[in-house]
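In terms of the numbering used here, the sequence shown opens at residue 19 and continues consecutively. Even for Gly, the Cβ is constructed at its ideal location relative to N, Cα and C.
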Amino acid sequence: MNLSNSIAKIILELLENEEGYAEIQRNELAQTLGCVPSQINYVIASRFTPEQGYIVESRRGGGGYIRIRRIKLDRGATLMHVVNNVGTSMDERSCRANILNLAAQQLIDGRGANLMLAATADTCLRSVPPEKRDEIRAGLFKQMLLASM
Numbered sequence: 019m020n021l022s023n024s025i026a027k028i029i030l031e032l033l034e035n036e037e038g039y040a041e042i043q044r045n046e047l048a049q050t051l052g053c054v055p056s057q058i059n060y061v062i063a064s065r066f067t068p069e070q071g072y073i074v075e076s077r078r079g080g081g082g083y084i085r086i087r088r089i090k091l092d093r094g095a096t097l098m099h100v101v102n103n104v105g106t107s108m109d110e111r112s113c114r115a116n117i118l119n120l121a122a123q124q125l126i127d128g129r130g131a132n133l134m135l136a137a138t139a140d141t142c143l144r145s146v147p148p149e150k151r152d153e154i155r156a157g158l159f160k161q162m163l164l165a166s167m
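Structure follows, in structure tokens:
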């Protein structure tokens, strides 16, 4: 297991507590794992984003911490939050991350997720000019979410 996966695994384990959030001190975690604090920042910035269902808060200073919480909204509110945050353009990687996150949260079922992944893949959009694919993908994704509500 690589370092980024190890950091993410530790944070995910911390999130499984009764409070529903993980509070870490970046320097302490980095020292425990034998890495630089910026590696912790990288993992948090890339794997614990709002699109993936997390809120990250930080407090600087001597008693500083990073608090990570999983967003807990009802199904309709969560889907509308995603729709409203997509914007007018979405690359395939971001779209895939959103779909997999929604499936992991059981907000869409496996069959629906597979259909959405297929419909928004670059291979499906290959007849669309490359400069228009992200715009078309965003529209498709939003319409599929709205139809699933």
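Exercise for the section: Pick out whichever of A136, E41, R65, L21 has its Cα sitting closest to the Cα of L51. Expected result: Along the sequence shown, read from residue 1 onward, the residue named residue 51 stands at position 33. Minimum Cα distance to L51 is reached at L21.
Practice task
Following the continuous beta strand (DSSP E) through R77, name the residue where it begins and the one where it ends.
Solution key: In the sequence shown, the residue the question calls residue 77 occupies position 59. Here the beta strand (DSSP E) through R77 covers 72 to 77.
Problem - For A26, the three-state DSSP class (helix, strand or coil) - result: Here residue 26 refers to the residue found at position 8 when the sequence shown is read from its first residue. Helix.
Practice task
Return the chain-ordered list of same chain residues with a C-beta closer than 7 Å to the C-beta of I84, the five sequence neighbours on each side being excluded.
Solution key: Numbered from 1 along the sequence shown, position 66 holds the residue referred to as residue 84. Here the set comprises I42, R44, I62, V74, S76.
Practice task
Kindly indicate which residue of Q123, L32, A122, M134 has the alpha-carbon position closest to the one of L164.
Solution key: By 1-based counting over the sequence shown, the position of residue 164 is 146. Considering only alpha carbons, the answer is M134.
Problem - Integer Cβ distance of A40 from S107, believed to fall under 8 Å - result: Taking the first residue of the sequence shown as position 1, residue 40 is located at position 22. Taking the first residue of the sequence shown as position 1, residue 107 is located at position 89. About 32 Å; that fails the 8 Å criterion.
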